[in-house]
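In the working numbering, the protein residues as written are 2 to 180.
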């Protein structure tokens, strides 16, 4: 009886908290599957377009960005989800202050990383890639790090606001854009 209730269309369209949670999880799960498939296709296309040596450098750059993202972002998305979901209904000014602080802190840390990349591009590129002449890819990587952290904050705000459909659409639109 409980299973029949959970599988009925009327339950999924209802306003129950469980139904809302299941709909949100469904949106995020579906968008995640499509994102992964698009990433696989993009990986093959990029590898074929730039060759194996440059693909290795590309992969090294993106794995470095992936390593630095949680460190430079100060793990703020977790705190922001907590405070925004807790205070947005009762004390929206407090939730807004947390968001503003998060944006300012991550702008400062990503700005610092971008400044380091600009000032020390050649030595960092020579160290990371063990080859000279890759300063511009390193600078572009720092810009991607900045964009990645800001996009992560936007994802966090949508999650905290329980706007899963909007989040799924945003993720899908960025995943299917050609590399």
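Glycine included, C-beta positions come from ideal geometry on N, C-alpha and C.
Remember, it's a predicted structure, so these values are computed and weren't measured experimentally.
Query	Result
Distance between residue 118 and residue 141 (C-alpha atoms, nearest Å)	9 Å
Same chain, Cβ closer than 6 Å to residue 136, five either side skipped, listed in chain order	122, 123 and 126
Option nearest residue 174 by Cα separation, candidates 40, 5 and 20	40
Same chain, Cβ closer than 7 Å to residue 150, five either side skipped, listed in chain order	70, 73, 74, 107 and 111
Proximity to residue 98 [Cα-Cα], best of 113, 17, 114 and 81	81
Straight-line gap, residue 100 to residue 85 (C-alpha atoms, nearest Å)	8 Å
Residue 94 (DSSP reduced to helix, strand or coil)	helix
Residue 78 classed as buried or exposed, judged by whether at least 16 other C-beta atoms fall within 10 angstroms	buried
DSSP three-state assignment for residue 57, whether helix, strand or coil	helix
Beta-carbon proximity check, residue 163 vs residue 57, cutoff 8 Å	no
Test item: CB-CB of residue 68 and residue 169 under 8 Å	no
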